[in-house]
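In terms of my numbering, the first sequence has 78 at position 49, counting the first letter as 1, and numbering is strictly consecutive.
For glycine and all other residues, C-beta sits at the position ideal for the given N, C-alpha and C.
Remember, it's a predicted structure, so these values are computed and weren't measured experimentally.
Here is the structure we will look at.
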Amino acid sequence: MPTPDNMCASDTLESQYAMRWSRYPINTVKENPSEAEVISHQLMLRAGLIRRLAAGIYSWTPFGLRSLRKVEAIIREEMDRTGALEVLLPAVQPAELWQESGRWEQYGPELLRLKDRHQRDFVIGPTHEEVITDLARRELKSYRQLPVNFYQIQVKFRDEIRPRFGVMRGREFIMKDAYSFHANQESLQEGYNAMRTAYIRMFTRMGLEFRAVKADTGSIGGTASEEFQVLADSGEDTIAVSDGKDLYAANLEHAPALPPKNLRSLPSTKLTKVHTPGKKSIVEVAEFLDTTAEHTLKLLMFTGAKGGVIAIALRGDHELNAIKAQKLPGIAVPLNLATKEVVFAATGCEPGYLGPRGLSCPLFVDHAALNLTDFVCGANEKDQHYTGMNWGRDLPEPQAADLRNVVAGDSSPGGDGTLSIRRGIEVGHIFQLGKKYSEALNAKVLDESGKPVTMYMGCYGIGATRIVAAAIEQNHDAAGIIWPEPLAPFSVVLVALNASKSPRVLALSEQLYTELQAVNIDVLLDDRDARPGIKFADAELLGIPHRLVISDRGIESGELEYRQRRAKENEAWPTTEVITRLQFLIKSKK
RNA sequence: CGGGGCUUGGCGCAGUCUGGUAGCGCAUCUGCUUUGGGAGCAGAGGGUCGAAGGUUCAAAUCCUUCAGCCCCGACCA
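Here you go:
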């Protein structure tokens, strides 16, 4: 218990003002703002966590900021634990650095450029590779100083074509970005692994359901890259997730589809040409022939790199994966579906009746399509299909390849489990940059023999503001937000009923409020002169994990009502045990 | 950048087609009553109808131009 003797001035200030609802002049609203599309955006606006200033640019209110700061604190603790060193880098950066790295030209309109009063060019940093590499090349002189990892938690600006979903895809956002510097690839790999472990700890601590997803290194290059995706239906990315012990997860377009394990069964029906007037799509054909899409084969034609066409066959119910298809020999990149005219010239038939039999162009068949027996396919004649088609018997065995998107139920490429298709929100991305920036910016150290060597770099980002939105996407109900304990703006809300009229309710509320603060629990005292319904609804909208009601009724019975945010029913707690019980519940979840 | 939609008090909307000088709900303020799931009654304040120009006796309403915002797509990864 704090007494006037052991309380310092700041304690007094805080207990008087900081965590009383009546001192937070932020309104909650019942109606959904028309601008908000996704649930996290709606709830953040309704609960008063953020306010929009311009497209993709938001102010954070005191309540919202508390959650954002908790995210940042977890990130900071876990980064520090790895030995990474925090820095703060400029948001406004001179164009010269970006010209040196080549990204002044590469970046395009997403890079916000501006001029100062001397007409010098600057950018508002969308990311900080250039600045950090500049710092590193000035400070790091010897291999003895390596490895080192600098990180910062900073505002960034990317002039997105279409900002949307509130802070989920804003233009201005807060990101933790870290950059590691190494003398060699082995050290980079170690640093990368350490970051990967730290990321898993962070997202686990935040109470989020997430996966580390193998990602394309893309134009950035490098050898290894993983995205950290929070699983939520509203996510912008589609990922294939294994339910097995392999914990496999990959972006849909990068997940390999394994060839079927079972052998193709033997043909049992004879090849028949059937009249299928006007039936062009797989769905129409399957329905007309009283079968299902899984027993059909579809044939797509693409233009070749040096003219001509290339055919790709998939099972009727499968989708082409463009990234995989582009790797086929002789195919035009980017992938280009052949026009009607080109198809007609190659086959004498229009699309809709194409099939693998009698084709004169190169043919690649997806593994699953190759496993078909007695299947339906086009006959390369208008209004004609075949039934009972079989590879090897009616057609030569073709060249097989992985050409389709994986579907739910496929075996996991990780070796254990089956895949499901989920949506994800990318909240983190780690990759090994190698020497891309260090080479461009000439960042070198002297090695053991006194020879200058270019440093290896790794780069590790986390979207702090986006995490707040992602946590809400994953944790909400009809009444509002349900914060994971570690991200909640407050752990406990004390709902004082009729405190303005009942001195004993007021006194007990104040007492509990002080006691909870004394044991370092983030407590919000709802001391507003409002009706109970408003207080309950607001507490639920704001998503505070633990709610305690202080009322005359409770004081008389010696028991206070406790309710966990996810629970449907109240619990009656002896007033004397309230503090210890809350301490236990909150400690066990942190 | 292409397509669609929107812009009226702090928020959500009606009014626009058919021109006549702006209204509803929520929120805010005052008073009284009420106090365990977004109260009732009475009263009050608050809007140059996104901007500019035009047509007209008269424009939120019709015409032109511009701006901002939202959605879909493309782009980016």
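Asked                                                                                                                                                                   : Found
For the candidate residues 157, 427, 88 and 282, whose alpha-carbon lies nearest to that of residue 391?                                                                : 427
Assuming residue 298 contacts residue 417 (C-beta within less than 8 Å), just tell me the rounded distance between them.                                                : 4 Å
By the 10 Å Cβ neighbour count, where 16 or more other Cβ atoms means buried, how is residue 43 classified, buried or exposed?                                          : Below a pLDDT of 50, predicted positions are generally treated as unreliable, and residue 43, at 47, falls in that range; the measurement from the model is reported next regardless. Flag for residue 43 reads exposed.
Measure the CB-CB distance between residue 454 and residue 313 and report whether it falls below 8 Å.                                                                   : no
Which whole-angstrom value describes the C-beta separation of residue 135 and residue 159, a residue pair presumed to lie in contact below a C-beta threshold of 8 Å?   : Not a contact, Cβ separation roughly 12 Å.
For residue 469, which residues in the same chain have their Cβ closer than 7 Å to its Cβ, ignoring the five residues on either side in sequence?                       : 129, 130 and 131
Tell me the rounded alpha-carbon separation between residue 223 and residue 111.                                                                                        : 7 Å
Pairing CB atoms from the region 378-385 with CB atoms from the region 401-418, are three or more of them under 8 Å?                                                    : yes
Quick check on the burial criterion: 16 or more other C-beta atoms within 10 angstroms. Buried or exposed for residue 438?                                              : exposed
Is the separation between the beta-carbon of residue 445 and that of residue 587 shorter than 8 Å?                                                                      : no
Below 8 Å, can you find three or more Cβ-Cβ pairs linking the region 397-405 to the region 359-377?                                                                     : no
List the whole-angstrom C-beta distance separating residue 237 from residue 499, where the pair is believed to meet the contact cut-off of C-beta under 8 Å.            : 7 Å
For residue 123, which beta-bridge partners are listed by DSSP?                                                                                                         : 151
For the beta strand (DSSP E) holding residue 266, just list the boundary residues, first then last.                                                                     : 266-271
Let me confirm a value: residue 38 is counted as buried when at least 16 other C-beta atoms fall within 10 Å, else exposed. Which label applies?                        : In this prediction, residue 38 scores a pLDDT of 44, lower than 50, which makes its location untrustworthy; the coordinate-derived value is nonetheless stated afterwards. Exposed, because fewer than 16 other Cβ atoms sit within 10 Å of the Cβ of residue 38.
Alpha carbons only, please: which of 179, 144, 148 and 137 is nearest the one belonging to residue 157?                                                                 : 179
Runs of 3 residues minimum, wholly inside the region 383-451: which ones carry the beta strand (DSSP E) assignment?                                                     : 392-395, 404-407, 413-418 and 428-430
Over the uninterrupted alpha helix (DSSP H) stretch that includes residue 233, give me the two end residues.                                                            : 214-234
Assign residue 336 to buried or exposed, taking buried as 16 or more other Cβ atoms, counted over all protein chains shown, within 10 Å of its Cβ.                      : exposed
So, for residue 262: in the same chain, excluding its five sequence neighbours on each side, which residues have a beta-carbon less than 6 Å away from its beta-carbon? : 452
Along the chain, where does the beta strand (DSSP E) containing residue 88 start, and where does it finish?                                                             : 86-89
Which value, in whole angstroms, describes the spacing of the CA atoms of residue 258 and residue 528?                                                                  : 45 Å
Please classify residue 290: is it buried, with 16 or more other beta-carbons within 10 angstroms of its beta-carbon, or exposed?                                       : exposed
Is it buried or exposed for residue 285, if we count other Cβ within 10 angstroms and need 16 for buried?                                                               : exposed
Let me know the alpha helix (DSSP H) ranges lying completely inside the region 268-319, each 4 residues or longer, listed in chain order.                               : 311-317
Where do the N-terminal and C-terminal ends of the beta strand (DSSP E) with residue 503 fall, by residue?                                                              : Premise fails: residue 503 lies in the alpha helix (DSSP H), 493-503, not in any beta strand (DSSP E).
Report all residues from its chain with a CB closer than 8 Å to the CB of residue 414; omit the five preceding and five following residues, and keep chain order.       : 302, 303, 305, 308, 314, 318, 382, 384, 405, 406, 407 and 408
Using a Cβ-Cβ cut-off of 6 Å (strictly less than) and excluding sequence neighbours within five positions of residue 472, which residues of its own chain qualify?      : 162, 165, 166 and 484
Quick check for students: name the residue ranges of the beta strand (DSSP E) that lie wholly in the region 576-615, counting only runs of 3 or more.                   : 588-593 and 600-603
Output the boundary residues of the beta strand (DSSP E) element that contains residue 210.                                                                             : 201-211
When DSSP builds the beta bridges, which residues end up paired with residue 330?                                                                                       : 340
Given residue 33, which residues of its chain have a CB within under 8 Å of its CB, disregarding the five upstream and five downstream residues?                        : With a pLDDT of only 46 at residue 33, under the threshold of 50, the placement of this residue in the model should not be trusted; the figure read from the coordinates follows. Same-chain partners within the cutoff: there are none.
Could you tell me the boundaries of the beta strand (DSSP E) in which residue 555 lies?                                                                                 : 552-555
Kindly provide the ranges of any beta strand (DSSP E) runs that are 3 or more residues long and lie completely inside the region 159-196, ordered along the chain.      : 177-186
If you follow the beta strand (DSSP E) that residue 519 is part of, which residue opens it and which one closes it?                                                     : No beta strand (DSSP E) holds residue 519; DSSP gives it neither H nor E.
What are the partner residues of residue 453, as DSSP defines its beta bridges?                                                                                         : 260 and 266
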